[in-house]
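Asks: Pasting a structure below so you can have a look.
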Amino acid sequence: RFDERLAAQKPVATFVLAAVLLALHGLFRLWATADGALWTQLQLGICVPRFVRDGEVWRLLTGGLLHDQLLAVGLNVAVLLSLGYQTERMLGLGRFLVVVVASILCGALLAVLPSPQLLIPRKFGFSPALFGICGALVGMALRTRGLPPETVAKVRKVALAGLIPSAILAILSGERASLGGGFAVGLGASLGGKAESTVGGGGGGSGADAGSVTVAARGDLSTQGFNANGVFAQSVGGGGGQGGFSVGAAL
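Numbering of the sequence shown is given in the numbering used here, commencing with residue 5 and proceeding in unit increments.
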């Protein structure tokens with residue numbers, strides 16, 4: 005059942021983020037001229053330490069979504085689709101976005117704080133977020149209590165595969181401190197908190213034959229995570245029905 009629940013999770017944020025990265029690069033290519041590329045980047049929100057110090061703190065986040073080279077955005081999108089597809093399904097939409105946003109902000113701060121007066125853009129791009137995702141995978145691979153053995157093997161395989169493109173990004177990037185900050189955020193998030201636990205409910209006692217069940221529901225219904233039933237109806241008879249099952253994760 006765990007694998008079935010995992011397969012049912014849709015990595016919506018991963019695909020949306022990939023589309024945003026490609027769209028912003030497309031706008032940059034469309035609007036930029038030979039002598040006005042820097043101006044276009046400034047308009048789109050590239051991170052400039054001096055501007056951030058003067059109050060434009062939103063550049064800490066938007067700077068993580070901008071790339072001026074086709075190779076850079078292509079590599080970032082490829083790694084995002086490779087790692088994010090599995091990681092988002094494991095963490096869930098909300099936790100995945102927390103890791104991405106926190107990694108970008110941490111990487112941006114590490115790029116800005118050493119030279120807050122600098123007027124030269126810091127081009128760290130989406131790489132800190134990718135390192136945050138990789139760090140979360142490594143953390144899950146190291147702390148696996150409460151997960152089925154097949155899922156543990158899959159997480160470790162994806163984490164190992166993620167280290168290879170991450171190493172390439174680290175070699176090509178001039179913002180290694182930002183990348184390290186992103187990795188630390190993801191690793192700390194997945195290792196921190198309470199230990200994982202798995203709890204299985206007991207079986208019910210014997211009883212008479214079950215009757216029919218009728219369910220009437222109105223309004224919106226939203227669930228998230230593994231084994232998160234929205235509406236569960238059961239006519240209990242004989243063995244006593246489902247005892248329950250829960251998994252508590254570290255993140």
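Built from N, CA and C at the ideal position, the CB exists for glycine as well.
Because the structure is a prediction, the values reported are computed rather than measured.
Can you tell me which of V116, L48 and V16 puts its alpha carbon nearest to the alpha carbon of L31?
Replies: Closest by alpha carbon: L48.
Asks: Where does the unbroken alpha helix (DSSP H) through G185 begin, and where does it stop?
Replies: Looking at the DSSP string, the run of the alpha helix (DSSP H) that includes G185 is R180 to L195.
Asks: Helix or strand or just coil, what does DSSP make of F130?
Replies: Three-state DSSP puts F130 in coil, outside helix and strand.
Asks: Could you spell out the range, first to last residue, of the alpha helix (DSSP H) harbouring E92?
Replies: Residues L74 to L95.
Asks: Going by DSSP, what residue range makes up the alpha helix (DSSP H) through P53?
Replies: Start and end: P53 to R57.
Asks: Quick test of your reading: R147 and S194, contact by CB under 8 angstroms. State the CB separation rounded to the nearest angstrom.
Replies: At roughly 7 angstroms, the Cβ-Cβ gap stays under 8 angstroms, so R147 and S194 are in contact.
Asks: Figure out for me which residue from V189, L122 and T218 has the closest Cα to the Cα of V56.
Replies: That would be L122, whose Cα lies nearest to the Cα of V56.
Asks: Using 8 angstroms for Cβ pairs, my map puts L84 next to L21. What's the rounded Cβ distance?
Replies: With 8 angstroms as the limit, L84 and L21 qualify as a contact, their Cβ atoms being about 6 angstroms apart.
Asks: Whole angstroms are fine: how far does the CA of R160 sit from the CA of E154?
Replies: Their backbone Cα atoms lie some 10 angstroms apart in a straight line.
Asks: Please report how far the alpha carbon of F187 lies from the alpha carbon of A82, in whole angstroms.
Replies: Each residue's Cα considered, the two are about 18 angstroms apart.
Asks: For A36, which residues of its own chain have a beta-carbon under 7 angstroms away from its beta-carbon, when the five flanking residues on both sides are left out?
Replies: If we look at A36 and ignore the five residues flanking it on each side, its Cβ neighbours are T44.
Asks: With a threshold of 16 other CB atoms inside 10 Å of the CB of D72, please say whether the residue is buried or exposed.
Replies: Result: buried.
Asks: Count the other CB atoms, across all protein chains shown, that sit within 10 Å of the CB of G207; report buried if there are 16 or more and exposed otherwise.
Replies: For G207, the pLDDT reaches just 45, beneath the cut-off of 50, and the residue's location in the model is therefore unreliable, although a value from the coordinates is still provided. Classification of G207: exposed, given that the 10 Å Cβ count is below 16.
Asks: Quick one: complete alpha helix (DSSP H) runs, 4+ long, within the region 96 to 126?
Replies: Listed in chain order, they are 97 to 116.
Asks: Nearest by alpha-carbon distance to S107: which of P15, A165, K158 and A181 is it?
Replies: Ranking the options by Cα distance to S107, first place goes to A181.
Asks: Could you name the residues of the same chain whose beta carbon sits closer than 6 angstroms to that of Q90, not counting the 5 residues immediately before and after it, in chain order?
Replies: V162, listed in sequence order.
Asks: Just to check my reading of the structure: L70 and V24 have Cβ atoms closer than 8 angstroms, yes? What is that Cβ distance to the nearest angstrom?
Replies: The pair is not a contact, with the Cβ atoms about 10 angstroms apart (cut-off 8 angstroms).
Asks: Of the residues L191, L28, L34 and W62, which one's Cα is nearest the Cα of L134?
Replies: Comparing Cα-Cα distances from L134 to each of L191, L28, L34 and W62, the minimum goes to L191.
Asks: If you draw a straight line from the alpha carbon of A253 to that of A41, how long is it in whole angstroms?
Replies: Residue placement at A253 is flagged as unreliable, the pLDDT there being 45, under the threshold of 50; the coordinate-derived value follows with that caveat. If I take the Cα positions, the gap works out to 45 angstroms.
Asks: Would L64 and C51 qualify as a contact pair, given that the criterion is a beta-carbon distance under 8 angstroms?
Replies: Yes, the pair counts as a contact, with Cβ atoms nearer than the cut-off.
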